[in-house]
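Remarks on the structure that follows.
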Amino acid sequence: MSNVIPFNYQGQAVRFNSDGWINATDVAKRFGKKPVEWLRLPDTVKYSDALARHLNVGESHLLVKTSKGRAGGTWLHPKLAVAFARWLDVDFAVWCDLHIDALLRGELTEKRQFDRACRELRDARELASLNGRELARWKQKKSGLIQQVEYWRDQLQMTLGLDSAA
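All residue numbers for the sequence shown refer to our numbering, where the first residue is 530 and numbers rise by one.
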């Protein structure tokens, strides 16, 4: 998942992405559970299928993403995240619902600042890439341009030298 945003819940980070998806693996560990346990429950399967239908995403497995690496784990769509959080703990579910809502509505100042910082990073990266290409072109052209300058300097000096002799 990209653009991971940690929010503090009872002294521990809960990782969301900027689209409101939650890292269910991290959260479930705190409550001694695993996301797969919840995902296999008959009510969860029914809810996921119905949600997929209503969101027009096709298959319900598109509401769950699994990735490996530093930001890896099982990530749940925001609409599934609240139902999952309810299975873990009712107070956590309310906290989660409020944070996802604020995140998706852009009400969190931190979210706006994060989005701005991401845009600035992307723009700076693109500019650096462009400048890198231009620097490479400059290095290729430099000797030819220097030769042209020296040639025309010599031509100019010869012309000026002839004019001063006349």
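Quick reminder that beta carbons are idealized off the backbone N, C-alpha and C, glycines included.
Per the Cβ contact rule, the stretch 552 to 564 is in contact with the stretch 595 to 612 (3 or more Cβ pairs under 8 Å). C647 counts as exposed, since fewer than 16 other beta carbons sit within 10 angstroms of its beta carbon. When C-beta atoms of the stretch 535 to 550 are compared with those of the stretch 576 to 590, fewer than three pairs fall below 8 Å, so the two segments do not count as touching.
When only Cα atoms are considered, D652 and F560 end up about 40 Å apart. Excluding residues up to 5 positions away in sequence, A622, C625, D626, I629 lie with their Cβ nearer than 7 Å to the Cβ of V611 in the same chain. The Cβ atoms of W616 and W567 lie closer than 8 Å to each other.
Close CB contacts of Q541 within its chain, under the 8 Å cut and outside five residues either way in sequence, are with R559 (chain order). The closest CA to that of P607, considering only R634, Q677, K670, is found on R634. Look at Q541 here: in three-state DSSP terms it is strand. Q676 and L664 have their C-alpha atoms spaced approximately 19 Å apart. Pairing L592 with S672, the inter-Cα distance amounts to about 57 Å.
S658 counts as exposed, since fewer than 16 other beta carbons sit within 10 angstroms of its beta carbon.
Beta-bridge pairing by DSSP links N552 to W604.
Of D683, S589, D618, Q684, the smallest CA-CA separation from V556 is found for D618.
Around the beta carbon of L674, a 10 Å sphere encloses fewer than 16 other beta carbons of the protein chains shown; the residue is thus reported as exposed.
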